[in-house]
Amino acid sequence: MKFLKRSPLVMLLLSLCLFALSLAGCAKSKGVLVGEGRVVEPYGMEQAIEPKPVYVGEIESSKKKLVEENSSVATMKPAVTQKIEVKPPEISMEQLIERLKMTESIGFLTKLAIRSDVLDFKQSVESHRKRGVFEANAKMLREYFNGLLLKILALLERDPTLSRDIHLARESIWKSLVEAKS
Amino acid sequence: MKVLFVIVAVLFLPIQAQAVTPAEDIATTIMLRGHPCGSAVTQIQEQSDSAGNRTIRATCPNGYRYQVDVSSEGRVSVKRLN
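First to last, the sequence lines map onto chains A and B.
Residue numbers for the first sequence follow my numbering, so the first one is 1 and each next one is one higher.
Residue numbers for the second sequence follow my numbering, so the first one is 1001 and each next one is one higher.
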């Protein structure tokens, strides 16, 4: 120790060496890892001690995965799709005829006139069928039927519920009037 | 009491308005057979025979007079008189 006290130059050299060593340690702890031209800074001491190389290819693939996930979320379809079909309500012909008889929006004479028209139409359909020309004149008969239905609907202005039900059941009315009787 | 009467009258008004009068009924029948007529007929004359056939004569607002024949089977036909 006496030697140290006597030579300040040696003390200075020793302190310089210690300073240089401490600088080297700092540089090692803040070490920079270079992998394939890209610089990745460590985020902790453990990482600095044992750094893992990160490659550009891995980063690109992870980016691609992220983009694919996002796009799949955007174009995702619901797993269960329900088809909603609006079906006309099942109304029996007997009920419709009974309601037409009972409605007060059409007078008695008018009801008789409509009944006459419907009976004439049925006779016309039967005569067409007997002559074997029903299929050829089906379009004309359908037009006549549509006109008859339109008349009835116009008369039912004061009974909108029955009017709507007849309008919804027009196809079944047509079938019941036209279907062949064996 | 007056208020109650008014309320009852208002409640029953639409129900009565829905019913079709005979004049409107005959006019509608005439129009259904393709003849021009107004909303209601006047000068209604009605007669029926022993077979159950009915004959109705009425005048439309346009001045035309029609005869409506209703057979015993319920068939309806209309012919113009003037």
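Don't be surprised by glycine CBs; every beta carbon is placed ideally from N, CA and C.
query: Distance CB(Asp117(A))-CB(Leu1081(B)) smaller than 9 Å; result: no
query: Alpha helix (DSSP H) runs wholly inside the stretch 100-158 of chain A, at least 4 long, in chain order; result: 108-131 and 138-155
query: Glu1024(B): contacting residues in chain A (beta-carbon distance under 7 Å); result: Gly107
query: Neighbour flag for Ala1051(B) against chain A, beta carbons, 9 Å; result: no
query: Per DSSP, the bridge partner or partners of Tyr1066(B); result: Ala1058(B) and Arg1080(B)
query: Exposure of Val133(A), with buried meaning 16 or more beta-carbon neighbours within 10 Å; result: exposed
query: Within-9 Å CB hit, Glu171(A) to chain B; result: no
query: Backbone CA spacing between Trp174(A) and Ile1044(B) [nearest angstrom]; result: 37 Å
query: Under the three-state DSSP convention, the category Glu171(A) falls into; result: helix
query: DSSP three-state assignment for Thr1021(B), whether helix, strand or coil; result: coil
query: Below-9 Å beta-carbon distance, Arg115(A) vs any chain B residue; result: yes
query: Contact between the stretch 1064-1072 of chain B and the stretch 1033-1041 of chain B (3+ Cβ pairs under 8 Å); result: yes
query: Validate contact between the stretch 98-108 of chain A and the stretch 152-172 of chain A using beta carbons, cut 8 Å, 3 pairs; result: yes
query: Simplified DSSP state of Glu179(A), which is helix, strand or coil; result: coil
query: Assigned secondary structure, Ser1050(B) (DSSP; H/G/I helix, E/B strand, else coil); result: coil
query: Bridge-paired residues (DSSP) for Thr1042(B); result: Thr1059(B)
query: Inter-residue Cα distance where the pair is Val1056(B) and Asn1062(B); result: In the sequence on display, residue 1056(B) carries Ile and not Val. Those two C-alpha atoms are separated by around 18 Å.
query: Residue environment, Val39(A), which counts as buried when at least 16 other CB atoms sit within 10 Å; result: In this predicted model, Val39(A) has a pLDDT of only 47, less than 50, meaning its place in the structure is not dependable; the value taken from the coordinates is given anyway. Under this definition Val39(A) is an exposed residue.
query: Closer than 9 Å to chain B by CB, Thr161(A); result: no
query: Reference Thr1028(B); option with closest CA among Arg1054(B), Ser1050(B), Gly1052(B) and Thr1059(B); result: Thr1059(B)
query: Listed by chain order, chain B residues near Lys151(A) by CB distance under 9 Å; result: Leu1032
query: Residue from Glu1073(B), Ala1051(B) and Ile1026(B) whose Cα sits closest to the Cα of Lys1079(B); result: Ile1026(B)
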